[in-house]
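A.B. asks: Quick one: the structure is below, questions incoming.
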Amino acid sequence: MSSVVISGDTSGAITLAAPAVAGTTTLTLPATTGSVIGSNSSGDIQFNSGYGSVAKAYGVRAWVNFNGTTSPGTIRGSGNVTSITKNGTGSFTLNFTTAMPDANYNWNFGGDGSGARGITFGVAETNVAAPTSSAFRMKFYDDTAAIIDPTYACVSIHR
Amino acid sequence: MTQVIIYPNDEGWLSVVTPASECGLTIDEIARKDVPAGKPYHIINADQLPTDNVFFNAWELQDGVVAVSLSKAKEITKDRLRMEREPLLAAQDVAFQRALETGADTTAIVAEKQRLRDITKLADSCTTTDELRNLKA
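Here the protein sequences come in this chain order: A and B.
The first sequence stops at residue 168 when you use the numbering used here, and every number in between is there.
The second sequence stops at residue 211 when you use the numbering used here, and every number in between is there.
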């Protein structure tokens, strides 16, 4: 067996804490050499997951997949979301469980084929409400520019 | 039974809040967090909502029950009919121009254009949402 080295070059302590549950937890390192995961002085997790170098990882801070055509709307799956508010036909608000650090996050929509000609897309409804750290308002259209309730509304928030 | 939160919104109808089951909060906690401050809200069973969303923008709370406002539903229907008739009117305009070029009779075309112009008036005489739903351009 090769050696396992835990080292520190400043004062303080390095702690590997076991989870408060019974059982065995295994952390398996990849069969490659060099740095694969790390963190910087800001506490950001960094990894090389095919990037070519160890770099800061930007995670999805919230996501949802919901059906807007049902009454009420149906959330198929979500993360960091307390609820979806239906404001009107085609208009929904995504409410975050843990607020974003600010409103300058990135949003992405996944469309679906439920529109009149098989296309549905979402936009941020900024003409009504600007994104905030706690909620994100959006509206859905089909490719005839008609406002519609989407069958598959998929939204992810990155920060 | 799934529960939802309803509250009157600034647009003049109801907003409906659907909780995310994964969030770990109770529906009361979600209501306090996600309903805009100052808005009176109600927590109801989901089966107390109308079963389709066609007239969502006409939903109102009437005597504690979510109901469809017929007058608002008529306006929603008129908007839909206006969108539906737009390409039909354009097609009749083309047919009218062709008839003029060839000297053909335009009587039927003129009648159809008038029918499309008057289509929204039909909504005014409807007495149920089913009648409104069945109106087509």
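Don't be surprised by glycine CBs; every beta carbon is placed ideally from N, CA and C.
Treat the numbers as computed from the prediction; the structure is a model and nothing was measured.
Let me make sure I understand the geometry here. Which of A:D158, A:T33, A:V45, A:S143 has the alpha-carbon closest to that of Y60 (chain A)?
C.D. replies: By one-based count along the first sequence, residue 60 (chain A) stands at place 51. Nearest C-alpha to Y60 (chain A): A:V45.
A.B. asks: Does the distance from the CB of T94 (chain A) to the CB of D158 (chain A) come in under 9 Å?
C.D. replies: If you number the first sequence from 1, residue 94 (chain A) lands on position 85. If you number the first sequence from 1, residue 158 (chain A) lands on position 149. Against a cut-off of 9 Å, the Cβ pair of D158 (chain A) and T94 (chain A) comes out as no contact.
A.B. asks: Which residues in the same chain as K148 (chain B) place their Cβ atom closer than 8 Å to its Cβ, once the five residues preceding and following it in sequence are excluded?
C.D. replies: As a working mapping, residue 148 (chain B) is identified with position 74 in the second sequence. Excluding positions up to five away in sequence, the list reads A197, D198, C200, L206.
A.B. asks: Verify the CB distance criterion: does F75 (chain A) have a CB-CB separation below 9 Å to chain B?
C.D. replies: To locate residue 75 (chain A), count along the first sequence from 1; it is residue 66. It does: the Cβ of F75 (chain A) has a partner Cβ on chain B nearer than 9 Å.
A.B. asks: Applying a beta-carbon distance threshold of less than 9 Å, which residues of chain A neighbour I104 (chain B)?
C.D. replies: Taking the second sequence and counting its residues from 1, the one referred to as residue 104 (chain B) is at position 30. Residues of chain A passing the Cβ test: T91, S92, N104.
A.B. asks: Within the segment 53 to 100 of chain A, note down every full beta strand (DSSP E) run reaching 3 residues or more, in order along the chain.
C.D. replies: Runs of the beta strand (DSSP E) inside the segment 53 to 100 of chain A: 54 to 56, 69 to 76, 83 to 88, 90 to 97.
A.B. asks: Within the same chain, show all residues whose beta-carbon is closer than 6 Å to that of K146 (chain B), passing over the 5 residues directly before and after it, in chain order.
C.D. replies: Within the second sequence, residue 146 (chain B) is the residue found at index 72, counting from 1. Result list for K146 (chain B): A132, in chain order.
A.B. asks: Are the CB atoms of I80 (chain B) and I101 (chain B) within a distance shorter than 9 Å?
C.D. replies: For the purposes of this step, residue 101 (chain B) is taken as the residue at position 27 of the second sequence. For the purposes of this step, residue 80 (chain B) is taken as the residue at position 6 of the second sequence. Their beta carbons are not under 9 Å apart, which means I101 (chain B) does not touch I80 (chain B) by this criterion.
A.B. asks: Which of helix, strand or coil does DSSP assign to P161 (chain B)?
C.D. replies: Within the second sequence, the letter at position 87 stands for residue 161 (chain B). In this structure, P161 (chain B) counts as helix in the three-state DSSP scheme.
A.B. asks: In the segment 88 to 115 of chain B, which residue ranges form an unbroken alpha helix (DSSP H) of at least 4 residues, counting only runs that do not cross its ends?
C.D. replies: Qualifying alpha helix (DSSP H) stretches, in chain order: 101 to 108.
A.B. asks: Can you tell me whether DSSP reads V168 (chain B) as helix, strand or coil?
C.D. replies: Here residue 168 (chain B) refers to the residue found at position 94 of the second sequence. Here V168 (chain B) sits in helix by DSSP.
A.B. asks: If you draw a straight line from the C-alpha of Y67 (chain A) to the C-alpha of R168 (chain A), how long is it?
C.D. replies: Along the first sequence, read from residue 1 onward, the residue named residue 67 (chain A) stands at position 58. Along the first sequence, read from residue 1 onward, the residue named residue 168 (chain A) stands at position 159. Approximately 7 Å between the Cα atoms of the pair.
A.B. asks: 9 Å is my cut-off, CB to CB: does E149 (chain B) come that close to chain A?
C.D. replies: The count along the second sequence starts at 1 and reaches residue 149 (chain B) at position 75. Not one chain A Cβ lies under 9 Å of E149 (chain B).
A.B. asks: Is F130 (chain B) helix, strand or coil by DSSP?
C.D. replies: For the purposes of this step, residue 130 (chain B) is taken as the residue at position 56 of the second sequence. DSSP places F130 (chain B) in helix when its eight states are reduced to three.
A.B. asks: Does F130 (chain B) get closer than 9 Å to chain A when you measure Cβ to Cβ?
C.D. replies: One-based indexing of the second sequence puts residue 130 (chain B) at position 56. It does; some Cβ of chain A falls within 9 Å.
A.B. asks: Whose Cβ in chain B lies nearer than 9 Å to the Cβ of S87 (chain A)?
C.D. replies: The count along the first sequence starts at 1 and reaches residue 87 (chain A) at position 78. The contacting residues are A94, S95, E96, C97.
A.B. asks: Between the C-alpha atoms of T125 (chain B) and D204 (chain B), what's the straight-line distance to the nearest angstrom?
C.D. replies: Here residue 125 (chain B) refers to the residue found at position 51 when the second sequence is read from its first residue. Here residue 204 (chain B) refers to the residue found at position 130 when the second sequence is read from its first residue. Cα-Cα distance, rounded: 13 Å.
A.B. asks: What span of residues does the alpha helix (DSSP H) with I183 (chain B) cover, start to end?
C.D. replies: Position 109 of the second sequence, counted from the first residue, corresponds to residue 183 (chain B). That run of the alpha helix (DSSP H) goes 181 to 192.
A.B. asks: Does the beta carbon of L123 (chain B) sit closer than 9 Å to a beta carbon anywhere in chain A?
C.D. replies: Start at 1 with the first residue of the second sequence, and residue 123 (chain B) comes out as number 49. Judged by the 9 Å Cβ criterion, L123 (chain B) is in contact with chain A.
A.B. asks: Just verifying my parser: in three-state terms, what is the DSSP assignment at R146 (chain A)?
C.D. replies: Within the first sequence, residue 146 (chain A) is the residue found at index 137, counting from 1. The answer is strand: DSSP assigns R146 (chain A) an E or B state.
A.B. asks: Return the first residue and the last residue of the beta strand (DSSP E) that A141 (chain B) is part of.
C.D. replies: Start at 1 with the first residue of the second sequence, and residue 141 (chain B) comes out as number 67. That run of the beta strand (DSSP E) goes 139 to 142.
A.B. asks: Compile a chain-ordered list of the residues in the segment 96 to 125 of chain A whose CB is closer than 7 Å to at least one CB of chain B.
C.D. replies: Listed by position along the chain: N96, G97, T98, N104, T106.
A.B. asks: Over the uninterrupted beta strand (DSSP E) stretch that includes T129 (chain A), give me the two end residues.
C.D. replies: In the first sequence, residue 129 (chain A) corresponds to position 120, counting from 1. First-last of the beta strand (DSSP E) with T129 (chain A): 129 to 133.
A.B. asks: Could you please give the first and the last residue of the uninterrupted alpha helix (DSSP H) stretch that includes A197 (chain B)?
C.D. replies: Position 123 of the second sequence, counted from the start, is the residue given in the question as residue 197 (chain B). First-last of the alpha helix (DSSP H) with A197 (chain B): 195 to 198.
A.B. asks: Just reading off the alpha helix (DSSP H) that N208 (chain B) is part of, what are its end residues?
C.D. replies: The count along the second sequence starts at 1 and reaches residue 208 (chain B) at position 134. From DSSP, the alpha helix (DSSP H) with N208 (chain B) extends over 203 to 208.
A.B. asks: With a cut-off of 8 Å on the beta carbons, I'd call S92 (chain A) and W72 (chain A) a contact; round off their distance for me.
C.D. replies: Numbered from its first residue, the first sequence carries residue 92 (chain A) at position 83. Numbered from its first residue, the first sequence carries residue 72 (chain A) at position 63. About 14 Å separates the two Cβ atoms, so there is no contact after all.
A.B. asks: L135 (chain B) bridges to which residues according to DSSP?
C.D. replies: Translated into positions along the second sequence, residue 135 (chain B) becomes position 61. Per DSSP, B:V140.
A.B. asks: What in chain B is Cβ-close to T19 (chain A), meaning under 7 Å?
C.D. replies: Position 10 of the first sequence, counted from the first residue, corresponds to residue 19 (chain A). Ordered by position in chain B, no residue passes the 7 Å Cβ test against T19 (chain A), which lies about 38 Å from the chain.
A.B. asks: Between which two residues does the beta strand (DSSP E) holding G119 (chain A) run?
C.D. replies: Looking up residue 119 (chain A) in the first sequence gives position 110. Taken as a continuous stretch (DSSP letters only), the beta strand (DSSP E) holding G119 (chain A) covers 115 to 119.
A.B. asks: Residue range of the beta strand (DSSP E) that S44 (chain A) falls in?
C.D. replies: Within the first sequence, numbered from 1, the residue matching residue 44 (chain A) stands at position 35. Element bounds for S44 (chain A): n/a, residue is neither H nor E.
A.B. asks: Counting only Cβ-Cβ distances shorter than 8 Å, please list the residues of the segment 77 to 93 of chain B near chain A, keeping chain order.
C.D. replies: For the segment 77 to 93 of chain B, which is checked against every Cβ of chain A, the residues closer than 8 Å are V78, I79, N83, E85, W87, S89, V90, V91, T92, P93.
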